[in-house]
Amino acid sequence: MSRSLSSYWSEFCSSALRSKPLGKSSLADVVVVGRRKSGEEGLERRLGAFDLILLGIGASIGAGIFVVTGTVARDAGPGVTISFLLAGASCVLNALCYAELASRFPAVVGGAYMYTYTAFNELTAFLVFTQMMLDYHIGAASIARSLASYVVNILELIPSVKDNIPNWVGHGGDDIFGFISFNILAPILLVLLTIILCRGVGESSLVNTVMTITKVVIVLVVIIVGAFEVDDSNWSPFAPNGFKSMLTGATVAFFAYVGFDAVANSAEESKRPQRDLPIGIIGSLLVCVVLYIGVCLVITGMVPYQLLGEDAPLAEAFKSKGLNFVSVLISIGAIAGLTTTLLVGLYVQSRLYLGLGRDGLIPSIFAKVHPTRHTPIHSQIWVGIVACVLAGLLNVTVLSHILSVGSLAGYSVVAACVMTLRLDDKVDTQISTTSMSKRTEGITCITVIACCGFAAGILYRYGVSTLAYTFLVLPIAIAILAAAGLQFRQVYKDPPGFSCPWVPIVPAFCIFFNIFLFAQLHYEAWVRFVVLSIVAVFVYAFYGQYNANSVSDDTIYYHRAPAAEA
Numbered sequence: 193m194s195r196s197l198s199s200y201w202s203e204f205c206s207s208a209l210r211s212k213p214l215g216k217s218s219l220a221d222v223v224v225v226g227r228r229k230s231g232e233e234g235l236e237r238r239l240g241a242f243d244l245i246l247l248g249i250g251a252s253i254g255a256g257i258f259v260v261t262g263t264v265a266r267d268a269g270p271g272v273t274i275s276f277l278l279a280g281a282s283c284v285l286n287a288l289c290y291a292e293l294a295s296r297f298p299a300v301v302g303g304a305y306m307y308t309y310t311a312f313n314e315l316t317a318f319l320v321f322t323q324m325m326l327d328y329h330i331g332a333a334s335i336a337r338s339l340a341s342y343v344v345n346i347l348e349l350i351p352s353v354k355d356n357i358p359n360w361v362g363h364g365g366d367d368i369f370g371f372i373s374f375n376i377l378a379p380i381l382l383v384l385l386t387i388i389l390c391r392g393v394g395e396s397s398l399v400n401t402v403m404t405i406t407k408v409v410i411v412l413v414v415i416i417v418g419a420f421e422v423d424d425s426n427w428s429p430f431a432p433n434g435f436k437s438m439l440t441g442a443t444v445a446f447f448a449y450v451g452f453d454a455v456a457n458s459a460e461e462s463k464r465p466q467r468d469l470p471i472g473i474i475g476s477l478l479v480c481v482v483l484y485i486g487v488c489l490v491i492t493g494m495v496p497y498q499l500l501g502e503d504a505p506l507a508e509a510f511k512s513k514g515l516n517f518v519s520v521l522i523s524i525g526a527i528a529g530l531t532t533t534l535l536v537g538l539y540v541q542s543r544l545y546l547g548l549g550r551d552g553l554i555p556s557i558f559a560k561v562h563p564t565r566h567t568p569i570h571s572q573i574w575v576g577i578v579a580c581v582l583a584g585l586l587n588v589t590v591l592s593h594i595l596s597v598g599s600l601a602g603y604s605v606v607a608a609c610v611m612t613l614r615l616d617d618k619v620d621t622q623i624s625t626t627s628m629s630k631r632t633e634g635i636t637c638i639t640v641i642a643c644c645g646f647a648a649g650i651l652y653r654y655g656v657s658t659l660a661y662t663f664l665v666l667p668i669a670i671a672i673l674a675a676a677g678l679q680f681r682q683v684y685k686d687p688p689g690f691s692c693p694w695v696p697i698v699p700a701f702c703i704f705f706n707i708f709l710f711a712q713l714h715y716e717a718w719v720r721f722v723v724l725s726i727v728a729v730f731v732y733a734f735y736g737q738y739n740a741n742s743v744s745d746d747t748i749y750y751h752r753a754p755a756a757e758a
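In terms of our numbering, the sequence shown is residues 193 to 758.
This is the structure:
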């Protein structure tokens with residue numbers, strides 16, 4: 193019996209520690225090394241740099257730009273501008289890490305999952321997938337219910353319809369057992385978006401383009417109209433509650449930018465992925481930073497921050513100035529924003545399932561691509577079904593406080609992948625004991641930085657005295673020493689394609705700050721992280737390790753965009 197357990201454990205460890213070798217990406221964008229059975233259809237390359245920028249904007253800016261800005265401003269005052277600037281700067285650094293890896297994996301679906309599979313191992317990659325996917329599933333259902341509510345609000349502007357629509361149609365029915373709440377419109381909207389996504393990337397990209405441009409135009413109109421109503425005396429004092437309130441606001445504002453990583457999952461559908469993916473990731477995020485800061489300046493300049501409402505602060509600010517038509521525009525912009533966020537979210541989920549299906553970690557049906565539509569239709573339908581069930585039956589807002597765990601975990605692992613793959617670049621084909629110890633030392637330093645980030649986050653969150661805050665110096669100092677070890681005891685080479693600057697300092701800072709934010713989440717989010725990780729390990733142990741594809745020398749040919757569009 194002990195021998196059997198020992199044999200099983202040895203087999204499990206061998207499987208879990210497998211990694212996907214990093215092949216040489218083709219600069220010509222013709223062939224890429226990967227895992228797929230011959231005869232299967234591939235995805236179609238139709239997305240240019242502009243499409244990818246719009247994809248990132250569509251994923252990042254939803255209705256939150258009209259709500260979160262005011263919510264943070266209630267605590268940070270006019271200093272909310274600094275909060276969003278700090279959060280945007282942090283996200284830009286994370287985006288630089290994503291951009292480098294997107295350039296190194298220019299035509300492989302999977303995003304953070306694929307990067308982790310290559311830099312670390314199979315089990316870690318599967319854990320990253322499960323954490324991010326739960327975020328996506330709950331997030332999609334929550335957004336669908338919000339979208340349904342906004343659509344009903346617009347319909348109720350019609351006098352004959354007002355007060356005649358039951359709550360269970362769009363706003364959500366009364367809770368049953370505290371978590372069951374029926375909603376009819378949300379699943380209908382999800383079905384429509386799923387059909388669009390199944391028809392092909394061209395159709396879904398067109399919808400995203402139209403809705404994103406509409407959303408951005410409305411935000412610009414709001415900023416321009418609001419600028420004429422600004423009273424600069426409302427900006428004084430600029431930071432009424434001190435720097436800590438601005439830093440706390442930055443931890444909230446960070447999640448308003450989440451979504452730019454969606455661009456990395458469109459690698460197989462990009463016309464020139466090695467050039468366009470970094471442009472899409474960084475370009476979309478910079479646009480979002482400018483828009484968020486513009487809204488922050490307007491909302492705090494129009495109304496004293498103490499008078500901002502909680503549910504619709506921006507709309508209420510314009511109503512107080514007699515500009516009721518802007519409130520209607522904000523509702524339309526919210527619908528456009530939620531639609532693009534939901535559309536891109538469903539799109540990203542299907543591509544992640546496609547990647548795992550190809551690798552055998554989930555059933556191979558998820559790897560099938562439609563022969564004429566060139567979309568992962570089975571994955572897309574599955575994603576739509578899960579979202580419909582959650583949005584139609586559950587009050588998913590009660591689960592909102594356990595979200596963002598997957599995003600923060602994914603961003604942190606991506607930053608670690610940048611450093612680890614740079615270390616791998618210097619290792620000769622004949623791996624020596626010294627080079628292996630260097631890699632272990634590097635991973636140890638990365639782990640120390642992550643632990644210090646969590647410790648600093650806990651001290652910052654629960655510190656109630658000046659003495660407690662002084663202890664923040666200790667984890668920060670240890671993290672700096674670990675980063676110094678990465679800087680001076682490792683050798684790095686610039687990768688082909690886009691290169692993240694200041695490696696390892698930028699990735700190390702990203703890991704520290706991301707885990708610092710992780711410590712600010714509700715404790716139930718930590719419980720969810722641990723429980724889901726345990727469940728994922730069991731799923732991998734009983735299914736994934738036996739079905740994962742161990743052969744990695746298949747050649748995948750992807751469809752080019754039509755010659756006229758290339």
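Cβ atoms here follow ideal geometry from the backbone N, Cα and C, with glycine treated the same way.
Within the same chain, R614, V695 come within 6 Å of Y684 by CB-CB distance, once the 5 residues on both sides are set aside. Of the residues assessed, P699 falls on the buried side of the cut-off, its CB having 16 or more other CB atoms within 10 angstroms.
Excluding residues up to 5 positions away in sequence, N313 lie with their Cβ nearer than 6 Å to the Cβ of L209 in the same chain.
The alpha helix (DSSP H) runs lying completely inside the region 541-593 and spanning 4 residues or more are 569-585, given in chain order. Sequence-distant partners of G486 (beyond 5 residues in either direction) whose C-beta falls short of 6 Å from its own C-beta, in its chain, are I415.
In this structure L664 is not in contact with A676, their Cβ atoms being roughly 19 Å apart against a cut-off of 8 Å. Within the same chain, and ignoring the five residues on either side of E421 in sequence, the residues whose Cβ sits closer than 6 Å to its Cβ are M494, K513. In the structure shown, S462 adopts extended strand secondary structure according to DSSP, grouped into three states. Note on Q466: 16 or more other CB atoms within 10 angstroms of its CB, so buried under the neighbour-count rule.
Proximity of the region 529-543 to the region 355-372 falls short of the contact definition, fewer than three beta-carbon pairs being nearer than 8 Å.
One alpha carbon belongs to G250, the other to T639, and they sit about 33 Å apart. With respect to the 8 Å criterion, I388 and S396 are classified as neighbours on the basis of their beta carbons. For C289, the uninterrupted alpha helix (DSSP H) run begins and ends at 272-296, by DSSP.
If only uninterrupted alpha helix (DSSP H) runs of at least 4 residues are considered, those enclosed by the region 710-741 are 715-731.
For V578, the closest of F517, N400, L326, Y307 by C-alpha to C-alpha distance is L326. In this structure Q541 is buried. Its beta-carbon is surrounded by 16 or more other beta-carbon atoms within 10 angstroms. DSSP places I335 in the helix class (H, G or I) of the three-state scheme.
Closest in C-alpha terms to V722, from the list G655, V597, Y661, comes V597.
Burial of Y290 is indicated by the presence of at least 16 other C-beta atoms within 10 angstroms of its C-beta.
Here the C-alpha atom of W427 lies approximately 33 Å from the C-alpha atom of L595. With 16 or more other Cβ atoms from the protein chains shown falling within 10 Å of its own Cβ, C637 counts as buried.
In the same chain as Y661, and ignoring 5 residues on each side of it, the C-beta atoms closer than 6 Å to its own belong to G655, in chain order.
Taking the Cα positions, L659 is about 28 Å away from F446. Taking C-beta separations shorter than 8 Å and ignoring five residues to either side along the sequence, the partners of A733 in its chain run F204, following chain order. For I368, the pairing in a beta bridge is given by DSSP as I372. Put simply, the region 278-292 touches the region 442-456. At least three CB pairs are less than 8 Å apart. Pairing L515 with T492, the inter-Cα distance amounts to about 16 Å.
Remark: three or more beta-carbon pairs, one from each stretch, lie closer than 8 Å, so the region 570-588 and the region 543-559 are flagged as touching. Distances from the CA of F690 to each of L534, L288, R237, T564 were compared; the closest alpha carbon is that of L288. Taking one beta carbon from each stretch, the region 324-338 and the region 369-385 have 3 or more pairs nearer than 8 Å; the two touch.
Secondary structure at R653: helix, using DSSP grouped into helix, strand and coil. Within the same chain, Cβ atoms closer than 8 Å to the Cβ of V383 are found at G576, C580, the five residues on either side in sequence being excluded. Distance check between Y307 and each of L315, F318, L293, D551 places L293 closest, using alpha-carbon atoms only. Contact between L600 and G248 is absent: CB atoms are separated by about 18 Å, not below the 8 Å threshold.
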